[in-house]
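Protein chains: 2
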Amino acid sequence: MKTKFLKDQIILKNSFLCLGLDSDINKIPSHLLKETDPIFLFNKLLIDELNSLIVAVKINTAFYEANGSKGWETLEKTISYINNTYPNLFTIADAKRGDIGNTSDKYAQAFFKHMKFDSITVSPYMGNDSIEPFLKYDEKHTILLGLTSNEGSKDFQVSEDSEKDFYKKVLIKSQKWKNSKNLMYVVGATKASFLKDIRSIIPNSFLLIPGVGAQGGSLEETYKNGVNNEIGILVNSSRSIIYAGNGTDFVDYAYNEAKELQNQMKKLLND
Amino acid sequence: MKTKFLKDQIILKNSFLCLGLDSDINKIPSHLLKETDPIFLFNKLLIDELNSLIVAVKINTAFYEANGSKGWETLEKTISYINNTYPNLFTIADAKRGDIGNTSDKYAQAFFKHMKFDSITVSPYMGNDSIEPFLKYDEKHTILLGLTSNEGSKDFQVSEDSEKDFYKKVLIKSQKWKNSKNLMYVVGATKASFLKDIRSIIPNSFLLIPGVGAQGGSLEETYKNGVNNEIGILVNSSRSIIYAGNGTDFVDYAYNEAKELQNQMKKLLND
Numbered sequence: 001m002k003t004k005f006l007k008d009q010i011i012l013k014n015s016f017l018c019l020g021l022d023s024d025i026n027k028i029p030s031h032l033l034k035e036t037d038p039i040f041l042f043n044k045l046l047i048d049e050l051n052s053l054i055v056a057v058k059i060n061t062a063f064y065e066a067n068g069s070k071g072w073e074t075l076e077k078t079i080s081y082i083n084n085t086y087p088n089l090f091t092i093a094d095a096k097r098g099d100i101g102n103t104s105d106k107y108a109q110a111f112f113k114h115m116k117f118d119s120i121t122v123s124p125y126m127g128n129d130s131i132e133p134f135l136k137y138d139e140k141h142t143i144l145l146g147l148t149s150n151e152g153s154k155d156f157q158v159s160e161d162s163e164k165d166f167y168k169k170v171l172i173k174s175q176k177w178k179n180s181k182n183l184m185y186v187v188g189a190t191k192a193s194f195l196k197d198i199r200s201i202i203p204n205s206f207l208l209i210p211g212v213g214a215q216g217g218s219l220e221e222t223y224k225n226g227v228n229n230e231i232g233i234l235v236n237s238s239r240s241i242i243y244a245g246n247g248t249d250f251v252d253y254a255y256n257e258a259k260e261l262q263n264q265m266k267k268l269l270n271d
Numbered sequence: 001m002k003t004k005f006l007k008d009q010i011i012l013k014n015s016f017l018c019l020g021l022d023s024d025i026n027k028i029p030s031h032l033l034k035e036t037d038p039i040f041l042f043n044k045l046l047i048d049e050l051n052s053l054i055v056a057v058k059i060n061t062a063f064y065e066a067n068g069s070k071g072w073e074t075l076e077k078t079i080s081y082i083n084n085t086y087p088n089l090f091t092i093a094d095a096k097r098g099d100i101g102n103t104s105d106k107y108a109q110a111f112f113k114h115m116k117f118d119s120i121t122v123s124p125y126m127g128n129d130s131i132e133p134f135l136k137y138d139e140k141h142t143i144l145l146g147l148t149s150n151e152g153s154k155d156f157q158v159s160e161d162s163e164k165d166f167y168k169k170v171l172i173k174s175q176k177w178k179n180s181k182n183l184m185y186v187v188g189a190t191k192a193s194f195l196k197d198i199r200s201i202i203p204n205s206f207l208l209i210p211g212v213g214a215q216g217g218s219l220e221e222t223y224k225n226g227v228n229n230e231i232g233i234l235v236n237s238s239r240s241i242i243y244a245g246n247g248t249d250f251v252d253y254a255y256n257e258a259k260e261l262q263n264q265m266k267k268l269l270n271d
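Taken in sequence, the protein lines are chains A and B.
Position 53, counted from 1, in the first sequence is what my numbering calls 53; the numbers after and before it change by one each time, with no gaps.
Position 87, counted from 1, in the second sequence is what my numbering calls 87; the numbers after and before it change by one each time, with no gaps.
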C-alpha cells in the first residue's frame, strides 16, 4: 500500500487515527480469558467495531512475543484477519528491528513476506545497510525511529544545542539512503513543538506519531505542526482506546474513545 | 548466569568462543530438509558436537522469525535443549530489541522468563527507560550495541572527530543507568583498533565481539586490545563455522573450524 492510497483513506474516513494493539493478557476483559485465543478475539472485536474510525493498525510485537510461539500464532492470526477482512487498513508491525544486512533481510522476510504487513518500525543505530534490506520492498514502508516519545529519548536523541540534535542527523542522513522514498518516521507527539523543525528537514515524509492519549500529547498541536500537503501524519493511540472499558461492553467504550478522537480529527481536517 | 561463572568456564575450556546460530533453511545441508524440524536438528547436531569448544551460544532471532510462529517454535526448542542439556553454556538472544518501558518489559519477559535466555542484545537509541526493564533482571545480562561491525556503523556511531564518536557517548552514559552492572556491550572485531579506546571507557565490562571470520576481524588483535582481568571478551563466529561443510559430515567441518579458533584462543589465554 502506498501513501497516496493512505491519504485517500484519510480523506474518505475523515481520520488519521492508527489503532495500537498493545494487547496484554493481564489487561484484557476477564470474560475473554475462557476463549481459545483471548488476545486474537480481543483484537478482532476491536477492529470489527472500530474499522470505520481508523485508517491504520499498529501491532506491538513485544506483547505477542511475551507468550512465545503461541503469541506469534496470535500475531499471525491477527494480521491475516486484518489483511483478509479490511484490506484498506494500513498495517504496521511495531517491532523496532534493525541488524546487519543479512539479518535485516530475514526480518524483512518475516514481516513483509511471511506476514504481509504494509510497514515495520526500525531503529537507525546500525546505519544504512541495516535499513536498506527493508527499503528495497517497493510496495512497503519502513518507519524509522526519529524522535521518540519516552523520557529516555533525552539520553541520545537530543542535545543541549538543538542544532546538534542527534535525531536530526538521523532524519537528514536517512533521506540519502537508497529507496528512501519508502521511509516514514516515528515522531513522538509529546514533542509536538519539535514538529516544525522536523518538517523543515523532511517536509514530504509521512510521520507516525505515538504519544497522544496515555503518553499525554496534544492532538491539535500535533496536527498543526505536522500536517503537510499529503496530510502526512498518522496519530497512534493504544492504551487509552483498547483499555477504555473492561467489561463485556469494552468495545463500546473503545468505540466512544476512538470516535471522540476521530471527531477532533474530522474538525482539524476540514477547518 | 553471572560473569564470574563465565570467566571460570573460559579458563576451564580454554575458550572464549561463542557459536552463532544464524541457521538459514536455504543454507543448511540438504539431507536435513526431510526432517520434521530441520533447523532444530541442525542446531542440535552442532551443539552436541561443539559444546566442549565453546562457552556461549548466540541465537539470531531474525533467522527464526523469517519462518513465523513455526520459526519461534524452533527457537524455543533450541534454547530449551541447550538449557536442559548444557546448562554451563551462556546463552544470548541476538534480538536487538528496545522500546518504551512497558514494551521493553514484554520483550524482557519473552526472552528472560519465557525462554530463559541468559542475555539479550538491545539497541540504545531510545535511552535508559528502554533498557532498564532488561537490566532489572539481576541474574541476566543485557548486551548493549556499542560499535557494530557493519559498514553502516559509520553513519551514526563514529564521527570525523573521534572525541565525538556517538558510540562513546552510549558507553559513558549507559554506565550510569540503574543496574548497569548487568550490562555487556557489542563491539565489532572489524574495529579491533578501537578496543583500546573502548577499554579506557569501560575497563570492566564483558564484551561480545562479532565479526571474526566471515566479517574479517583478526582474533589476535581483538584479544590483545580487548582482554581484561576478568578476561572480559566473548568472540562470536557464526557463518564460518556452521556452514564450513554442507554434506552429511557437516558437523566435522564445523568442529574443525571451531577447534582451530579454540586452539588460537588457548594459545592467547596461556601466553
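No residue lacks a Cβ here, since even glycine has one placed at the ideal position from N, Cα and C.
Please report whether the beta-carbon of residue 128 of chain A lies at a distance below 7 Å from any beta-carbon of chain B. Yes - at least one Cβ of chain B is within 7 Å of the one on residue 128 of chain A.
By the three-class DSSP mapping on this structure, what secondary structure does residue 56 of chain B have? It is a strand residue.
Pull up the distance between the alpha-carbon of residue 243 of chain B and that of residue 111 of chain A, whole angstroms please. For residue 243 of chain B and residue 111 of chain A, the distance between alpha carbons rounds to 26 Å.
Should the stretch 65–80 of chain A be regarded as contacting the stretch 121–135 of chain A, the criterion being three or more beta carbon pairs within less than 8 Å? Touching, no.
Endpoints, beta strand (DSSP E) assigned at residue 265 of chain A: Residue 265 of chain A: not part of any beta strand (DSSP E); member of the alpha helix (DSSP H) spanning 250–270, first to last residue.
Residue ranges of each alpha helix (DSSP H) within the stretch 100–132 of chain A, 4 or longer: As far as the stretch 100–132 of chain A is concerned, its whole alpha helix (DSSP H) runs of at least 4 residues are 101–108.
If we count the other Cβ atoms within 10 Å of its Cβ and call it buried at 16 or more, is residue 106 of chain A buried or exposed? By the Cβ neighbour-count rule, residue 106 of chain A is buried, with 16 or more other Cβ atoms within 10 Å of its own.
Sort B:3, B:63, B:66 and B:14 by Cα distance to residue 271 of chain B and report the nearest one. Closest by alpha carbon: B:14.
Assigned secondary structure, residue 153 of chain B (DSSP; H/G/I helix, E/B strand, else coil): Residue 153 of chain B carries a helical assignment under DSSP once its states are collapsed to helix, strand and coil.
Which residue comes first and which comes last in the alpha helix (DSSP H) that contains residue 3 of chain A? That run of the alpha helix (DSSP H) goes 3–13.
Own chain, CB closer than 6 Å to residue 135 of chain B, minus 5 neighbours either side, in chain order: Contacts found: 142, 179 and 182.
What does the Cβ neighbour count give for residue 232 of chain A, buried or exposed, with the cut at 16 atoms within 10 Å? Label assigned to residue 232 of chain A: buried.
State whether the stretch 61–74 of chain B contacts the stretch 21–41 of chain B, with contact taken as three or more CB pairs (one from each stretch) at a distance under 8 Å. Under the 8 Å Cβ criterion, the stretch 61–74 of chain B counts as touching the stretch 21–41 of chain B, having at least three qualifying pairs.
Ignore the nearest five residues each way along the sequence and tell me which others in residue 116 of chain B's own chain have a CB closer than 6 Å to its CB. Within the same chain, residue 116 of chain B has close Cβ partners 83.
Would you say the stretch 83–95 of chain A touches the stretch 50–57 of chain A, given that touching needs at least three Cβ pairs under 8 Å? Contact holds between the stretch 83–95 of chain A and the stretch 50–57 of chain A, because three or more Cβ pairs, one in each stretch, are under 8 Å apart.
According to DSSP, simplified to helix, strand and coil, what is residue 273 of chain A? The requested residue 273 of chain A does not occur in the structure, where chain A is confined to residues 1 to 271.
Applying a beta-carbon distance threshold of less than 7 Å, which residues of chain A neighbour residue 55 of chain B? Residues of chain A passing the Cβ test: none, with the nearest at roughly 23 Å.
Determine, using beta carbons only, whether residue 60 of chain A and residue 94 of chain A come nearer to each other than 7 Å. Yes, Cβ-Cβ distance for residue 60 of chain A and residue 94 of chain A is below 7 Å.
How is residue 142 of chain A classed by DSSP in three states: helix, strand or coil? Here residue 142 of chain A sits in strand by DSSP.
Taking DSSP's pairing of strands, which residues face residue 20 of chain A in a bridge? Beta-bridge pairing links residue 20 of chain A to A:58.
Contact residues within the stretch 123–152 of chain B, judged by C-beta distance below 8 Å to chain A: Correct list: 123, 124, 125, 126, 127, 128, 129, 130, 131, 145, 148, 149, 150, 151 and 152.
Does residue 60 of chain B have its Cβ less than 7 Å from a Cβ in chain A? Interface residue, yes.
Using CA atoms only, rank isn't needed, just tell me which of A:247, A:268, A:209 and A:246 is closest to residue 19 of chain A. Ranking the options by Cα distance to residue 19 of chain A, first place goes to A:209.
Best match in B:256, B:220 and B:123 for proximity to residue 265 of chain B [C-alpha to C-alpha]: Of the candidates B:256, B:220 and B:123, the one whose C-alpha sits nearest the C-alpha of residue 265 of chain B is B:220.
DSSP bridge partner residues for residue 90 of chain B (one or two, in chain order): Bridge partners of residue 90 of chain B: B:56.
At the level of alpha carbons, what is the spacing between residue 172 of chain B and residue 145 of chain B? Approximately 13 Å, taken between the alpha carbons.
Less than 6 Å between C-beta atoms, sequence neighbours within five positions excluded: which residues of the same chain meet that for residue 234 of chain A? Result list for residue 234 of chain A: 16, 18, 56 and 208, in chain order.
Residues from the stretch 159–173 of chain A in contact with chain B, defined by Cβ distance under 8 Å: Residues are counted here when their Cβ sits less than 8 Å from a Cβ of chain B; for the stretch 159–173 of chain A these are 166, 169, 170 and 173, given in chain order.
Kindly list the residues whose CB is nearer than 8 Å to the CB of residue 258 of chain B, restricted to its own chain and excluding five residues on each side of it in sequence; keep chain order. Once the five neighbours on either side are set aside, the close Cβ partners of residue 258 of chain B are 17, 19, 50, 53, 54, 237 and 241.
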